[in-house]
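A quick write-up on the structure given underneath.
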Amino acid sequence: MRIPRATYRIQFTPSFDFEAAKVIVAYLAELGISDIYASPIFRAKTGSTHGYDVVNPNQLNPELGGKEKFENLAAEIKNYELGWLQDIVPNHMAFNSQNHILIDVLENGFESQFRDYFDIDWNHPYEGIRGRVLAPFLGKFYGDCLESGELQLQYAQNGLTVNYYDHQFPIKIDSYTQVLTYDIGRLKNKLGRNNPDFVKFQGVLYSLKYIPSGSEGRERYDQISFIKGMLWELWNENSDIKEFIQENINTFNGVPGKPESFDLLDKLLSDQYFRLSFWKVGNEELNYRRFFTVNDLISVRVEDDKVFYTSHALILEMLKEQKFTGLRIDHIDGLYDPAQYLNRLREKADAPYIVVEKILEPDEDLPVNWPVQGTTGYDFLNYVNGLLCDNSNEQEFNQIYSRFIRGNSNYEHLVDENQRLIINKHLAGDIDNLAHLLKDISSKYRYASDFTTFGLKAALVEVMSVFPVYRTYISKEGVSKADRECIQGVIAKTKERIPTFINELLNELNFIEKFLLLEFDEYLNQEDKDNWLHFVMRLQQFTGPLMAKGVEDTVLYIYNRLISLNEVGSTPSKFGVSIDEFHGFNQHQIAYWPHAMNGTSSHDTKRGEDVRTRINVLSEIPEEWESYLKKWQEINAPQKDCVGGLDVPAPNDEYLLYQTLLGAFPFDETEYPTFVERIKEYIIKAIREAKVNTGWLRPDSSYENSLIKFVESLLKDSQENEFLAAFRPLQRKVQHYGILNSLSQTFLKITSPGVPDIYQGTESWDLCLVDPDNRRPIDFEKRVEFLQEIKTKIESDILGLIEELLITPETGKIKMFLTYQALQARREYVELFQRGDYQKLIVMGSLKDHIVAFSRKWGDTTAIIIAPRLLTKLVQEGEYPLGEQVWHETRICLPSGSSLVWKNVITQQVLQGEQEDTLWIRDVLSHFPVALLINEGGKTSNASDFDN
0 MRIPRATYRI QFTPSFDFEA AKVIVAYLAE LGISDIYASP IFRAKTGSTH
50 GYDVVNPNQL NPELGGKEKF ENLAAEIKNY ELGWLQDIVP NHMAFNSQNH
100 ILIDVLENGF ESQFRDYFDI DWNHPYEGIR GRVLAPFLGK FYGDCLESGE
150 LQLQYAQNGL TVNYYDHQFP IKIDSYTQVL TYDIGRLKNK LGRNNPDFVK
200 FQGVLYSLKY IPSGSEGRER YDQISFIKGM LWELWNENSD IKEFIQENIN
250 TFNGVPGKPE SFDLLDKLLS DQYFRLSFWK VGNEELNYRR FFTVNDLISV
300 RVEDDKVFYT SHALILEMLK EQKFTGLRID HIDGLYDPAQ YLNRLREKAD
350 APYIVVEKIL EPDEDLPVNW PVQGTTGYDF LNYVNGLLCD NSNEQEFNQI
400 YSRFIRGNSN YEHLVDENQR LIINKHLAGD IDNLAHLLKD ISSKYRYASD
450 FTTFGLKAAL VEVMSVFPVY RTYISKEGVS KADRECIQGV IAKTKERIPT
500 FINELLNELN FIEKFLLLEF DEYLNQEDKD NWLHFVMRLQ QFTGPLMAKG
550 VEDTVLYIYN RLISLNEVGS TPSKFGVSID EFHGFNQHQI AYWPHAMNGT
600 SSHDTKRGED VRTRINVLSE IPEEWESYLK KWQEINAPQK DCVGGLDVPA
650 PNDEYLLYQT LLGAFPFDET EYPTFVERIK EYIIKAIREA KVNTGWLRPD
700 SSYENSLIKF VESLLKDSQE NEFLAAFRPL QRKVQHYGIL NSLSQTFLKI
750 TSPGVPDIYQ GTESWDLCLV DPDNRRPIDF EKRVEFLQEI KTKIESDILG
800 LIEELLITPE TGKIKMFLTY QALQARREYV ELFQRGDYQK LIVMGSLKDH
850 IVAFSRKWGD TTAIIIAPRL LTKLVQEGEY PLGEQVWHET RICLPSGSSL
900 VWKNVITQQV LQGEQEDTLW IRDVLSHFPV ALLINEGGKT SNASDFDN
């Protein structure tokens with residue numbers, strides 16, 4: 000198995016394709032990257048900027064350059080001896096007319112060879128969607144869309160379709176007769192009974208009466224192909240037949256203002272294998288599983304062998320050919336049986352490196368039976384980010400936040416409240432389906448036969464709303480100890496929380512607990528047990544979306560106490576991480592998941608890594624932060640509009656905005672106009688996600704317009720702008736200490752146990768916000784230029800280079816220099832960083848809480864990693880934490896049995912420890928804010944050993 004030294008995430012888009020990636024391969028290799036980490040590259044919906052809306056998993060995306068340019072890129076990667084970690088999407092595909100598999104299902108229904116490919120409930124209890132697939136894509140009610148003429152029947156070579164703007168839905172072949180026989184006497188009179196083309200047309204109609212049934216075999220498909228081919232031939236060769244069909248289509252399409260003229264189209268649509276509906280219907284009545292709450296991403300039944308092999312054919316081929324050397328599995332929690340999927344993948348693939356996108360809550364671990372190397376790194380992100388937050392100031396921050404928003408904001412209460420909001424407004428249809436399934440199963444169980452659907456649904460809502468993790472992993476293999484404890488805890492908490500007026504739910508809760516723990520009664524037959532297990536595994540697929548939408552996409556935009564802590568996989572109520580907790584996490588990783596990814600930015604993070612490190616600075620200066628807040632609030636009060644009796648922005652939105660401005664304010668003044676537009680786009684997305692003053696379902700244009708106006712007034716680029724004048728002093732301060740935080744964060748990512756991942760462009764400063772802002776183009780030409788300059792000066796005068804970098808940190812070269820030097824160390828000492836042990840080092844002195852220090856050891860080689868934290872009280876703005884005037888008597892105890900002579904590979908200095916096995920921080924951090932010390936060969940005692 001190829002374990003990456005370091006990965007580099009590339010977000011492929013039509014404007015950054017395989018050819019563009021080929022250009023930077025040499026640069027990435029030079030930087031020290033061992034494996035590219037590619038966003039999905041399979042055929043996606045036209046114009047996709049992320050690739051997760053796949054329409055064909057067995058075809059490379061032509062918008063990225065197709066097979067030829069992919070092969071050229073793959074050859075270049077192989078030439079530089081890099082690996083390729085590929086992000087794949089097994090859970091879902093795009094609900095789109097470009098998805099030929101889905102179109103086959105919509106056209107043929109039960110007769111489709113792909114009828115079991117998608118996660119569709121064909122036997123839904125609601126008659127309107129039983130045997131049909133709900134298609135919730137209309138912008139208003141179906142009847143309104145129909146009678147306004149927005150639904151248009153059309154004909155082309157692929158057959159009859161009903162179109163709604165960009166959406167195309169295929170008319171099933173059996174109902175072509177409705178269109179082709181309408182007033183057919185017209186055509187017969189025009190052509191004559193014996194006209195050869197009319198006879199052929201009659202042959203088409205005859206064939207339509209006798210379409211073979213059965214999804215197996217090719218007979219049905221062959222006849223459909225014959226009919227469509229004959230019809231297309233007649234359309235093109237006989238103008239009278241073309242005119243007849245087109246006139247019928249026009250008749251079916253009706254005339255706006257004449258409701259009765261749409262009866263024909265309405266009847267035709269009622270006979271299809273899909274049911275068009277207003278998009279909001281999908282939240283309340285749905286018979287297919289979606290990705291979270293996204294209607295146009297339909298889930299795939301990858302647990303089925305046939306579906307797995309169909310959807311993974313190209314992936315497995317690429318692995319066999321070693322074009323892919325590893326896989327990143329997107330949304331593993333959406334799968335019916337993740338362990339089964341991973342085992343099948345591991346069995347069929349040639350031992351690739353595999354990581355999973357998995358959110359782990361505090362005290363939760365990855366299932367040990369998963370044959371993977373670990374997660375994609377959100378757990379590491381939140382530990383290293385928390386390390387840079389001063390948790391001693393939590394109470395002060397609570398008070399500052401409460402005073403500003405004029406109220407208390409309890410995180411746990413917000414989670415509960417918004418989990419229920421998502422259940423009731425966004426996942427109601429999914430929960431309803433689970434309740435009906437549970438009712439159907441329980442009705443066959445003597446002790447639960449009297450439970451009503453209403454009662455079971457109410458109990459399910461209570462249980463799901465308190466789930467503490469994204470999901471459990473109960474399967475036919477049984478219930479793990481961790482899952483049992485989780486379920487028991489959930490039921491106990493639910494019983495504590497339910498109000499006395501619904502105490503009658505206790506019976507349902509007891510039943511659900513028994514159900515979830517698979518405590519079968521002896522008299523149940525195997526079919527009943529299988530159905531029971533199916534419900535449990537089905538339920539597990541929906542707790543993750545509930546957590547994601549309720550917490551990630553709602554609460555993280557409401558609970559704004561310190562937004563740097565509001566990140567994917569985070570617990571924002573936990574204000575920072577201690578040094579011991581960080582060490583504990585790393586020790587756990589080295590013991591169980593030594594090759595998991597260490598990420599600090601991704602395409603899903605709520606803000607860029609250097610935005611977070613700036614905002615973390617506020618945790619160190621609460622009094623100063625509040626002083627500025629009061630000043631800004633007073634200055635900006637006249638800029639607020641009053642909407643519905645409330646000032647805009649609301650205090651919580653204003654609090655979010657100020658932190659965001661501090662975090663994302665550009666280094667380069669030329670970027671300022673673009674920055675203003677980015678902030679406006681971001682703040683609208685943020686407040687819609689919060690769902691408090693506006694929302695995606697019901698945008699409040701008055702509130703949003705007033706907020707945009709407020710932002711524009713704050714950021715107006717003029718000398719008269721009082722706010723900017725008052726804002727820039729704190730912004731400059733936060734920027735400086737944010738730089739120091741970023742250097743520590745980058746360094747710890749690269750040197751901690753695991754595989755460091757660099758999100759595109761973040762080898763320099765990353766001031767991006769949430770997507771799509773973080774998919775903006777990267778200036779690689781500038782980065783290539785920076786790297787060449789850095790390499791040249793390292794060879795000629797490294798200390799002179801470092802001095803220059805410290806003077807001009809705004810260029811981003813200082814971050815690239817550190818990244819390059821640390822990655823070169825990983826390249827030179829591969830075994831040390833991939834397999835070496837981890838030891839927390841003792842730090843002594845009055846400033847010990849400001850130093851993170853640990854060692855890595857493999858064989859005779861030892862590395863010591865030293866990074867500072869919480870520096871606002873140690874150095875003045877514009878200064879660096881270097882030398883004796885900062886660190887005084889602070890020192891670390893060297894690992895037992897180690898050398899007294901070390902080389903700092905960041906600065907290339909040689910350092911001599913004290914006889915009592917001590918290194919002084921003042922000596923280690925004399926030129927650069929972090930240090931990576933290497934000793935080779937055990938008890939070396941002569942500094943000259945490093946001279947060569």
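Numbering (numbering that gives the first Met the number 0), first residue to last: 0 to 947.
Virtual Cβ for every residue (Gly too), placed ideally from N, Cα, C.
Please read these numbers as outputs of a predicted model, since none were measured by experiment.
- Rounded to the nearest whole angstrom, the C-alpha separation of LEU555 and GLU566 is 7 Å.
- Cβ-Cβ separation between LYS748 and HIS582: approximately 15 Å, too far for a contact (criterion under 8 Å).
- Within the segment 389-449, complete alpha helix (DSSP H) segments of at least 4 residues are found at 393-404, 410-424, 427-441, given in chain order.
- The alpha-carbon separation between LEU150 and PHE136 amounts to approximately 12 Å.
- In the DSSP secondary-structure assignment, HIS166 is bridged to TYR163.
- Taking all protein chains in view, the Cβ of VAL851 is crowded by 16 or more other Cβ atoms within 10 Å, so the residue is classified as buried.
- Shown here for GLY737: same chain residues with a beta carbon closer than 7 Å to its own, the five before and five after excluded, namely ASP609, THR612, ARG613, VAL616 in chain order.
- Scanning the segment 251-335 from its first residue to its last, the whole beta strand (DSSP E) runs of 3-plus residues come out as 273-277, 293-298, 325-328.
- Ranked by Cα distance from TRP278, the options PHE94, GLY760, ILE682 are led by PHE94.
- THR6 is positioned such that its CB atom lies no closer than 8 Å to that of LEU105.
- Cβ-Cβ separation between LYS690 and VAL710: approximately 20 Å, too far for a contact (criterion under 8 Å).
- In the structure shown, the three-state DSSP call for MET0 is coil.
- With contacts defined by Cβ atoms closer than 8 Å, SER298 and ASN90 form a contacting pair.
- Judged by DSSP secondary structure, ARG42 falls within the beta strand (DSSP E) whose first and last residues are 41-43.
- Per DSSP, the beta-bridge partners of ASP86 are ARG327.
- Inclusion of THR542 and HIS425 in the CB contact set at 8 Å is not warranted, their separation being larger than that value.
- Per the coordinates, the alpha-carbon of GLN658 lies some 27 Å from the alpha-carbon of THR818.
- The Cβ-Cβ distance between SER845 and THR889 falls below 8 Å.
- For ALA28, the three-state secondary structure derived from DSSP is helix.
- With distances taken between CA atoms, ASP389 lies nearest to ARG868 out of LEU723, THR693, ARG868.
- Sequence-distant Cβ neighbours of ILE440 in its own chain, meaning closer than 7 Å and more than five residues away, are ASN530, TRP531, PHE534.
- Minimum Cα-Cα distance from ASP429 among the listed residues PRO593, ILE240, GLY281 corresponds to GLY281.
- Assignment of ILE490 by DSSP, reduced to helix, strand and coil, places it in the helix class.
- Residues of the same chain with a CB within less than 6 Å of the CB of CYS767, apart from the 5 flanking positions on each side, are GLY607, ASN773 in chain order.
- Excluding its 5 nearest sequence neighbours in each direction, ASP303 has C-beta neighbours in its own chain below 7 Å: ASP115, listed in chain order.
- Exposed is the label assigned to GLY184, since fewer than 16 other Cβ atoms lie within 10 Å of its Cβ.
- By the CB criterion at 8 Å, LYS630 and ALA725 fall inside the cutoff.
- Taken in chain order, the complete alpha helix (DSSP H) segments of 4 or more residues contained in the segment 74-137 are 99-107.
- Taken in chain order, the complete beta strand (DSSP E) segments of 3 residues or longer contained in the segment 623-661 are 640-642, 645-647.
- In its chain, beyond the 5 residues on either side, TYR828, GLU830, LEU831, ARG834, GLY835, ASP836 have a beta carbon closer than 8 Å to the beta carbon of TRP857.
- In this chain, the beta strand (DSSP E) harbouring ILE865 covers 860-867.
- Distance from the CA atom of PHE746 to the CA atom of LEU870, rounded to whole angstroms, is 16 Å.
- According to DSSP, TYR758 shares a beta bridge with ARG8.
- In the DSSP assignment, GLY373 is bridged to VAL354.
- Counting along the chain, GLU915 sits inside no beta strand (DSSP E), nor does DSSP assign it H or E at all.
- Sequence-distant Cβ neighbours of ASP265 in its own chain, meaning closer than 7 Å and more than five residues away, are LEU145.
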